[in-house]
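Residue numbers (mature numbering (1 follows the signal peptide of the UniProt record, and there is no 0)): -24 to -1, 1 to 589.
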């Protein structure tokens, strides 16, 4: 599998400098360990010392991941190829490519009718342009299978400092060409963000004056170290990372970032962009046909990513869309065969009008976020999520699960808070006051194991840590961290109801998930109670749709409000290298009875939205 559990083994060498070699490889579902020829190596002494040790022992140093960790590859160790499986993991819709050359001459608005059209069923990008924002001074990097840097619609905006080839360990992210153009995905995503305007090619990017880079990291084995190195590339230069990949969208996988990738996310939001935080934009997933849930995807389910879903041209839920409570907003993308798809750049210096799926939605969102960052460079990663919540528009989007939350905003599991509105987000960003440091309150719901039976209801009155430095008066993210045993995981449905009555579906039944592994400290996240007062009675419901015959028990449950990535929660040390499937996010392994202090010197700045949803 592309992103399943990994096996890590610790090898200790006496080299004068401490050298920790960690072999890592995907673990197939049958449980047999598979190893690759790549290592995450911890070396003190700097890059020169890392290069010396690599040469001495027959390794190639593919560069620093972060801190004192380096990415080594051994010349004589056989590589395990993932080429037979990788395509099922990356969120691509493999319909035949529709190419054109002269068709796209002078194409400024014509075929970009989903992104920019005249009947206001669009992302309101032209309004942001009219306000003077085109992405100038903002840097976006596409984490994917490479970027065709000399494409005539990209070359003017290409940024080598936002680019790297992690797969081969060199600075050039040029895609590997094949007869089927398998590695076209990153180039297509890049054009959505930064295709040059008025040059007679393809179309125009949402942030057509932004700088665009690409990280080639999907065209090979995708290990924890590959992800971490990609997520942590040049974080003081790159503002926005756009990713349209994740675990298998097969309706039965529960997986997320592993040890080093988690550290990369944490370092990004804490240290990136001069301490304002790197912005990670993530596609919510294409597993709708398999009844998958993006709450089982640890990338989109993370508080550190801005998760984006899709709508069809006509404002309907696409067949591939996954519904979950972690999705924040939506852009247009592909739908049925008679609906328009996304126009963008393509491999071999060509163009396409058939870019599809949530793969196409994340880069559109990254472009809109680039416009907002140009409007206000001081926005933090959390400020950006506040702006998205306040300005996204539910109009023109059809689904049967729209609800009004406790502060009067419309929200949906399919669309989050609605379509991104570029004009509204830049207008609000210009004079936005930064939110203060985030408080976190952790409250235990279950003190001893509870049988689920057919329907378990747990009620808990909370004061949101009132009277302490962790008091939370206004929610951002709410998480229910659960450990439970169950002999058929896919039969479970989990709901969290806030004191204001907002009901979030944390997990919908997944008919293809026959796993008996249950969940281990999995933090289901919802954004649906954003800005609500968390004080009052919370309700956690767990339903066994298979009836009472299955064996099920909740071993641990806790609710966490407004998590903050405190630096003291996790330190990478040699003893941390345990079998990877036993490791969990430091932000989701807090004792359910303990609150860590992240003091807030002044009340959170809550700004009411000028755009009523």
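Every residue gets a Cβ at the ideal spot worked out from N, C-alpha and C, and that includes glycine.
Is residue 335 helix, strand or coil when you go by DSSP?
helix
Does the beta-carbon of residue 174 have 16 or more other beta-carbons within 10 angstroms, so that it is buried, or is it exposed?
exposed
Indicate the three-state DSSP secondary structure (helix, strand or coil) for residue 38 in the structure shown.
strand
DSSP beta-bridge partners for residue 305?
284
Mind checking whether residue 358 and residue 411 have CB atoms under 8 Å apart?
yes
Would you tell me roughly how many angstroms separate the C-alpha atoms of residue 473 and residue 366, rounded to the nearest one?
21 Å
To test your reading of the DSSP string, which unbroken alpha helix (DSSP H) runs of 4 or more residues are found completely within the region 335 to 420?
Entirely contained in the region 335 to 420, the alpha helix (DSSP H) runs reaching 4 residues are, in chain order, 357 to 367, 398 to 406.
Do residue 490 and residue 523 come within 8 Å of each other at the CB atom, strictly closer than that value?
no
Between which two residues does the beta strand (DSSP E) containing residue 18 stretch?
Where residue 18 is concerned, the enclosing beta strand (DSSP E) starts and stops at 14 to 18.
Decide if residue 445 is buried, meaning its Cβ has at least 16 other Cβ atoms within 10 Å, or exposed.
Flag for residue 445 reads exposed.
I'd like to know whether the C-beta atoms of residue 315 and residue 334 end up nearer to each other than 8 Å.
no
Shortest alpha-carbon distance to residue 455 belongs to which of 165, 488, 497?
497
Just the Cα atoms here: how many angstroms apart are residue 671 and residue 340?
Beyond the ends of the chain as shown, which are -24 and 589, falls residue 671; an answer cannot be given.
Report yes or no: do three or more beta-carbon pairs, one from the region 421 to 436 and one from the region 381 to 393, lie closer than 8 Å?
no
Quick check: is any heavy atom of the ligand ADP less than 7 Å from the C-beta of residue 236?
No copy of the ligand ADP appears in this structure; indeed no ligand is present at all.
So residue 257 packs on residue 342, CB below 8 Å; how close in whole Å?
5 Å
So residue 124 and residue 150 are supposed to be a Cβ contact under 8 Å. How far apart are they, rounded?
7 Å
Within this structure, are the beta carbons of residue 137 and residue 165 separated by less than 8 Å?
Taking 8 Å as the cut-off, the beta carbon of residue 137 is found no closer than this to the beta carbon of residue 165.
Measuring CA to CA, which of 31, 28, 24, 44 is closest to residue 17?
44
Let me know the beta strand (DSSP E) ranges lying completely inside the region 202 to 262, each 3 residues or longer, listed in chain order.
216 to 219, 255 to 259
If you drop the 5 nearest sequence neighbours on each side, which residues of the same chain put their C-beta closer than 6 Å to that of residue 240?
204, 207, 208
Out of 352, 179, 152, 187, which has the shortest C-alpha to C-alpha gap to residue 193?
Among 352, 179, 152, 187, the Cα nearest to that of residue 193 belongs to 152.
Closest to residue 414 by CA distance: which of 24, 529, 246 is it?
Of the candidates 24, 529, 246, 246 places its Cα closest to the Cα of residue 414.
Could you have a look at residue 23 and say whether DSSP puts it in helix, strand or coil?
Residue 23: helix per DSSP, three-state reduction.
Taking the alpha carbon of residue 516 as the reference point, which residue from 436, 507, 503 has its own alpha carbon closest?
436
Between residue 24 and residue 242, what straight-line distance do the alpha-carbon atoms span, to the nearest angstrom?
26 Å
Using the three-state DSSP reduction, which class does residue 161 fall into: helix, strand or coil?
helix
By the 10 Å Cβ neighbour count, where 16 or more other Cβ atoms means buried, how is residue 409 classified, buried or exposed?
exposed
Three-state secondary structure (DSSP) at residue 292?
coil
Determine, using beta carbons only, whether residue 190 and residue 222 come nearer to each other than 8 Å.
no
Threshold first: 3 residues or longer. Then list the beta strand (DSSP E) segments lying entirely within the region 493 to 518, N to C.
495 to 502
Taking the beta strand (DSSP E) that residue 103 falls in, what are its first and last residues?
For residue 103, no beta strand (DSSP E) encloses it; the enclosing alpha helix (DSSP H) starts and ends at 101 to 106.
Any contact between the region 262 to 281 and the region 341 to 355? By contact I mean 3 or more CB pairs, one from each, below 8 Å.
no
Would you kindly work out how many angstroms separate the C-alpha atoms of residue 63 and residue 162, rounded to a whole number?
Summary for residue 63: the model assigns pLDDT 34, below 50, so the residue's position carries little reliability, and this model does not support an answer.
Residue range of the beta strand (DSSP E) that residue 462 falls in?
Counting along the chain, the beta strand (DSSP E) containing residue 462 begins and ends at 454 to 462.
Just verifying my parser: in three-state terms, what is the DSSP assignment at residue 327?
strand
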